[in-house]
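Heads up: the protein sequence lines correspond to chains S and R, in order.
Using our numbering, read the first sequence as starting at 9 and increasing by one per residue.
Using our numbering, read the second sequence as starting at 9 and increasing by one per residue.
Where is the CB? At the ideal position from N, CA and C, for every residue including glycine.
2 protein chains.
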Amino acid sequence: MCIDLCCEEKCIHEDIVHKVEHDLPNDETLYDLAELFKVFGDSTRIKILYALFEAEMCVCDIAELLNLTQSAISHQLRVLKSAKLVKARRAGKTVFYSLSDEHVRLIINQGMEHILE
Amino acid sequence: MCIDLCCEEKCIHEDIVHKVEHDLPNDETLYDLAELFKVFGDSTRIKILYALFEAEMCVCDIAELLNLTQSAISHQLRVLKSAKLVKARRAGKTVFYSLSDEHVRLIINQGMEHILE
DNA sequence: TAAATATATGAACAATTATTCATATGAAAG
DNA sequence: CTTTCATATGAATAATTGTTCATATATTTA
């Protein structure tokens, strides 16, 4: 038993339609999810995260290590921080950044597995 | 024992620098990884993937189900396909799309866990 | 308080991208 | 062969985004 969604021929089963409508998270959640992945979708930010895999670091060290300007790194750390992927700790003039949790590593590793296939 | 990368004060240990330099994937890999996440970084594509979690579907069904134009869906399926996240199967006039592997589900679930925290 | 240093931020610019519209391709049916 | 239908695609547009430059903020030290 199928329903006609759009085509001449019947393609999709009605219970599939209901299942999708039931399981599809609401628009706001989907938007947030896309926003999260957008944060991973820049190689500068990926590099920063890889650096932080090893240890917490201050802004200027990351900049030096990755050969990028302090400003660029600072802007990107702001993006990473507002996505709660990194957290900051101030020590005098210096601000140390570190991964906020292990999700970051898991997500990146899953992605890496996919591209290395 | 620290080295002075950029600041007056010594921040980062020399062995950390070596570790990062050793573990950091090459630029091309990092770029590919960012490109992969960029694909997940759009809510239309996320919706398409969620729909395909349930069953394979043809273009016009996805369009109808998600209330988007056939053209928009087709363009996005092309992006998903070139990232090897979905695969296509032709049956007459109709083209059915489905997830190409389980990585997709894993990556999305990891992301979802992060934002629901 | 003034100078020095680490970081943050606003504006501007170039580059990328998602959607729409119009149209092309490809397959089936008459 | 022509029509019809499903899908793909190219061009155009609007919107988003990463970097740079200049400058602001915050902290320490002289």
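Residue span of the alpha helix (DSSP H) that contains residue i, given as start and end
i, result
"leucine 60(R)", "51-62"
"threonine 77(R)", "Neither: threonine 77(R) is in no alpha helix (DSSP H) and is coded neither H nor E."
"leucine 32(S)", "Neither: leucine 32(S) is in no alpha helix (DSSP H) and is coded neither H nor E."
"glutamate 121(R)", "111-124"
Under 7 Å by beta carbon: chain R residues contacting residue i
i, result
"alanine 96(S)", "Under the 7 Å cutoff, chain R gives no residues; its nearest Cβ is about 14 Å from alanine 96(S)."
"leucine 88(S)", "Per Cβ cutoff of 7 Å: no residues; leucine 88(S) is ~12 Å from chain R at best."
Among the options, the one whose alpha carbon lies nearest that of residue i
i, options, result
"isoleucine 54(R)", "Glu43(S), Phe104(S), Arg86(S), Val112(S)", "Glu43(S)"
"glutamate 62(R)", "Leu32(S), Ile81(S), Leu73(S), Tyr58(S)", "Leu32(S)"
"glutamate 125(S)", "Leu41(R), Val28(R), Tyr105(R)", "Leu41(R)"
"glycine 49(S)", "Tyr58(R), Leu57(R), Tyr39(R), Ser51(R)", "Tyr39(R)"
"valine 94(R)", "Gly100(R), Gln84(R), Tyr105(R)", "Tyr105(R)"
"methionine 120(R)", "Arg98(S), Ala91(S), Gly100(S), Ile123(S)", "Ala91(S)"
"arginine 97(S)", "Val28(S), Lys27(S), Leu76(S), Val67(S)", "Val67(S)"
"leucine 74(R)", "Val28(S), Glu72(S), Leu85(S)", "Val28(S)"
"glutamine 84(R)", "Ile56(R), Leu107(R), Leu60(R)", "Ile56(R)"
"glutamine 118(R)", "Glu64(R), Phe45(R), Ile24(R)", "Phe45(R)"
"leucine 107(R)", "Glu64(R), Ala99(R), Ile123(R), Leu76(R)", "Glu64(R)"
"histidine 122(S)", "Ile24(R), Ser51(R), Thr37(R), Leu60(R)", "Thr37(R)"
"asparagine 34(S)", "Ser51(R), His30(R), Leu76(R), Gly100(R)", "Ser51(R)"
Contact list for residue i against chain S, beta-carbon separation under 8 Å
i, result
"lysine 55(R)", "Leu32, Leu38"
"tyrosine 58(R)", "Val28, Asp31, Leu32, Pro33, Leu38"
Within chain S, partners of residue i - CB distance below 7 Å
i, result
"lysine 27(R)", "Glu62"
"leucine 85(R)", "The premise fails here: leucine 85(R) is roughly 15 Å from chain S at the closest Cβ pair, so nothing lies under 7 Å."
Cβ shell of residue i (< 6 Å), same chain only, five flanking positions each side left out
i, result
"histidine 111(R)", "none"
"methionine 9(S)", "In this prediction, methionine 9(S) scores a pLDDT of 30, lower than 50, which makes its location untrustworthy; the coordinate-derived value is nonetheless stated afterwards. So the list is empty, once near-sequence residues are dropped."
"leucine 114(S)", "none"
"isoleucine 81(R)", "Val67, Ile70, Ala71"
"threonine 102(S)", "Cys66"
Range covered by the beta strand (DSSP E) that runs through residue i
i, result
"lysine 95(R)", "94-99"
"serine 108(S)", "Run containing serine 108(S): none; DSSP gives neither H nor E here."
Under 8 Å by beta carbon: chain R residues contacting residue i
i, result
"glutamate 121(S)", "His111"
"alanine 80(S)", "In chain order: nothing, as chain R lies at least about 14 Å away."
"leucine 76(S)", "What leucine 76(S) touches in chain R: nothing, since even the nearest Cβ is about 12 Å away."
"leucine 107(S)", "The contacting residues do not exist; leucine 107(S) stays about 12 Å from chain R at best."
Cβ-based neighbour list, residue i, same chain, cut-off 8 Å, excluding 5 preceding and 5 following
i, result
"tyrosine 58(R)", "Ile116"
"valine 47(S)", "Arg53, Val87, Leu88, Ala91, Leu93"
"glutamine 78(R)", "Val67, Cys68, Ala71"
Heavy atom of the ligand SAH within 7 Å of residue i beta-carbon
i, result
"asparagine 34(R)", "By its list of ligands, the structure shown contains no ligand whatsoever, and the ligand SAH lies outside what it can speak to."
Own chain partners of residue i with C-beta closer than 7 Å, once the 5 adjacent residues on each side are dropped
i, result
"leucine 60(S)", "Val94, Tyr105, Ser106, Leu107"
Exercise. Closer than 9 Å, Cβ to any Cβ of chain S: which residues of the segment 39-53 of chain R, in chain order?
Worked result: Tyr39, Asp40, Leu41, Ala42, Glu43, Leu44, Phe45, Lys46, Val47, Phe48, Gly49, Asp50, Ser51, Thr52, Arg53
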